[in-house]
Amino acid sequence: MFRRTGGHPEVATRLTVLCEHPFFRELDGAALDQLCRYATTRKFKRGTTIFAKGDPGDRLFAVASGSVKMSTSSFEGRNAILNIIGKGEIFGEIALLDGRPRTTDAIAHTNCELAILERRDFLPFIRSQPLLAMKFVELLCMRLRRTSEQIEHIILQDLSGRLAGALLGLADRRQPDAVSRSIAITQQELGEMVGMTRESINKQLREWAERKWVRLEHGGILLLDAKALANVAETGRADDSWNVHPNT
């Protein structure tokens with residue numbers, strides 16, 4: 009159900025974005041109206057830098073459509089993708105809350121639309137909204153758990169295990185209930201997520217494609233056998249009992 013919009017098209021757009029966003033849609037009408045007065049919406053083309061490492065942490069971003077990649081790079085030019093934030097998620101919350109500079113780059117992974125909230129407006133607002141404050145606590149806990157899992161995978165898993173885990177993680181966040189799940193990501197980006205070269209990614213994906221676990225598509229990957237990939241992510245190796253070849 010849509011709340012009042014004040015009759016202005018831009019206000020109506022902002023209110024629609026906030027009403028439909030999982031992070032804010034449970035707010036009551038008065039709170040949403042107040043938040044709508046603070047929010048702006050903006051569209052970014054793929055590849056546009058939204059903010060850079062070291063920038064002031066003065067804004068919170070909520071993804072209304074598309075996706076954003078959080079990345080960092082070394083002095084030698086090596087890139088690492090730390091996370092891909094999709095529709096219904098938020099980012100920029102850490103620097104917003106502690107007031108310190110950004111720790112990563114945020115780049116539009118696809119064309120995207122974002123709702124943007126300024127720190128000076130949002131912090132006083134969240135103090136009056138305990139349920140929303142608890143959502144932030146839950147979000148930070150989830151991000152901490154995910155970071156711990158990533159560190160564990162880097163230390164303990166081999167390359168195939170890390171790749172399988174990354175694919176499943178991306179798919180679960182986008183389409184948790186689907187049998188076959190499509191991920192819009194390049195092999196180069198996958199390599200930057202798990203610390204592998206694009207050539208190694210391609211070799212492993214082609215092996216899994218032969219096993220009918222994945223299908224390589226233009227600009228993405230379709231997961232066909234999540235159970236087999238989960239076995240690799242857990243054990244770090246492919247169990248031949250999962251490998252079914254035709255005519256054998």
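Numbering (my numbering) for the sequence shown: 9 to 256. We treat Cβ as the ideally placed atom computed from N, Cα and C, and that holds for glycine.
- In this structure residue 78 touches residue 93 by the C-beta definition: roughly 7 Å separates them, less than 8 Å.
- Collapsing the DSSP output to three states places residue 177 in a helix.
- DSSP places residue 87 in the strand class (E or B) of the three-state scheme.
- Remark: C-beta atoms of residue 125 and residue 50 do not approach each other more closely than 8 Å.
- With a threshold of 16 other beta carbon atoms within 10 Å, residue 75 meets it and is buried.
- For residue 232, no beta strand (DSSP E) encloses it, and the DSSP letter there is neither H nor E.
- Per the coordinates, the alpha-carbon of residue 233 lies some 33 Å from the alpha-carbon of residue 53.
- When C-beta atoms of the stretch 60-69 are compared with those of the stretch 136-147, fewer than three pairs fall below 8 Å, so the two segments do not count as touching.
- Taking all protein chains in view, the Cβ of residue 130 is crowded by 16 or more other Cβ atoms within 10 Å, so the residue is classified as buried.
- Assignment of beta-bridge partners to residue 73 by DSSP yields 121.
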